[in-house]
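Following: one structure in structure tokens, then a few remarks.
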Ligand code: FE
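In the numbering used here, the protein residues as written are 284 to 627.
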């Protein structure tokens, strides 16, 4: 994709995100990453009549190699955070998610759009109003539920006690003050009460470990009691998962994080093989996945802010809200959430 195509795509994105004359937009990047995206968003914002500038953070000096969420240079730079709070919209090319600074910026009314995936994937899963509608149906169902049960033919049977934390929708653009979204995305999630997850999850061959960005080959059996993983059984994949969690030396890394399902029929389960360099948004979004997560729940307002985080989209699982089927064997069971080209 050349720069003019990227410019045009970002203009369509900011149009969906309701950027208009008189607004202010800040584009945040880090190091030398995604300078072309920064230029494209600046072009896009200005072409829609907004004021726009670029804030660049320095290249991180040290890295553990692990994907430690929620750690950002902004933590030691309150002046920059104050500037971002003044903007109507922040385009985040640096990945602030889970940081205290992101929550503070949202709290000031700034809407935030994260964009870090490869440009061909941004194009392939470009957001639509129709997808937003279907995601919002899911968000309403989830927000009303008190209990979630997930089952699978591989032996998963786990319950989440809901009703404590908010529900979050992601549909790839954002036009409301203080609201965050991630382009591309199409899923909904919430979290259980801190001690409200019990049962067993069997991560089956073909299910996905993000941020490893790999497909599991051998089943991993997790035992979960009162919101924490108490046992991890299996072969090589179980050892890898456990070794990674242990490396953070933080018991909260065994906590149960967000949970929900994916709705984008254009996203492919095999997507990780197609777009190297991304963080797996296609896998979080693919139609009928049931995704559970391990680690922090501060994104939902909870107390667990461990930097150890996994998102694990599963194929072929079933999800029930207060005993009503929502996803059945990897297919959406509620008509208003189903892909419109397949509705009968
Ligand atoms: Fe996550």
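Backbone N, C-alpha and C fix where the C-beta goes; we use that ideal spot for every residue, glycine too.
All of these numbers come straight from a predicted model, not from anything done at the bench.
Alpha helix (DSSP H) segment containing residue i, residue limits
i	result
residue 390	383-390
residue 422	412-427
residue 525	519-530
residue 292	286-299
residue 403	402-407
Where residue i sits in the DSSP three-state scheme
i	result
residue 464	strand
residue 320	helix
residue 444	strand
residue 499	coil
residue 431	strand
residue 570	coil
residue 439	coil
residue 364	helix
Beta-carbon proximity check, residue i vs residue j, cutoff 7 Å
i	j	result
residue 406	residue 564	no
residue 432	residue 593	no
residue 429	residue 445	yes
residue 321	residue 302	no
residue 578	residue 536	yes
residue 439	residue 485	yes
residue 331	residue 373	no
Any non-hydrogen atom of the ligand FE closer than 6 Å to residue i Cβ
i	result
residue 576	yes
residue 614	no
residue 594	yes
Cβ-based burial, residue i [other Cβ within 10 Å; buried from 16]
i	result
residue 605	exposed
residue 580	buried
residue 398	buried
residue 490	buried
residue 559	exposed
residue 500	exposed
residue 519	exposed
residue 540	buried
residue 422	buried
residue 452	buried
residue 403	exposed
residue 465	buried
residue 522	exposed
residue 526	exposed
residue 553	exposed
N- and C-terminal bounds of the beta strand (DSSP E) containing residue i
i	result
residue 459	Note, residue 459: premise wrong, no beta strand (DSSP E); not H, not E.
residue 539	539-545
residue 336	334-340
residue 354	Run containing residue 354: none; DSSP gives neither H nor E here.
residue 607	607-611
residue 394	394-397
residue 621	First-last for residue 621: undefined, no H or E at that position.
7 Å Cβ cutoff, residue i in contact with chain B
i	result
residue 328	Considering every chain present, this structure includes no chain B. It has just one protein chain.
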